[in-house]
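Residue numbers (the numbering used here): 734 to 809. C-beta atoms are modelled at their ideal positions from N, C-alpha and C, and glycine is treated no differently. This one's a predicted model, so the numbers in the text were calculated from it and none came from an experiment. Remarks on the structure that follows.
Laid out in structure tokens, this is it:
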């Protein structure tokens, strides 16, 4: 029988905010800011599970760290 391994949990908190600015009567500008994994929590992706491997039980990969992006949009 194959052993079953339960790894650590997965925690991710994403945040997005935006603000609209009126430039002229029919021209608007929108500024957006988004952060993925905003608290920068370490999330394990892979753990070595082959019993004959030198990486058995060791963390061999992580998910993405904090990612931030900014954007602007004109509408008219």
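It is roughly 39 Å from the alpha-carbon of residue 804 to the alpha-carbon of residue 781. A distance below 6 Å between beta-carbons, with the five flanking residues on each side excluded, links residue 754 to the following residues of its chain, in chain order: 762.
Annotation for residue 801: the continuous beta strand (DSSP E) segment containing it runs 800 to 808.
Beta-bridge partners of residue 794 (DSSP): 779. When the Cα atoms are used, residue 764 and residue 806 turn out to be separated by approximately 7 Å. Counting of Cβ neighbours within 10 angstroms places residue 773 among the exposed residues, the total staying below 16. In the structure shown, the three-state DSSP call for residue 767 is strand.
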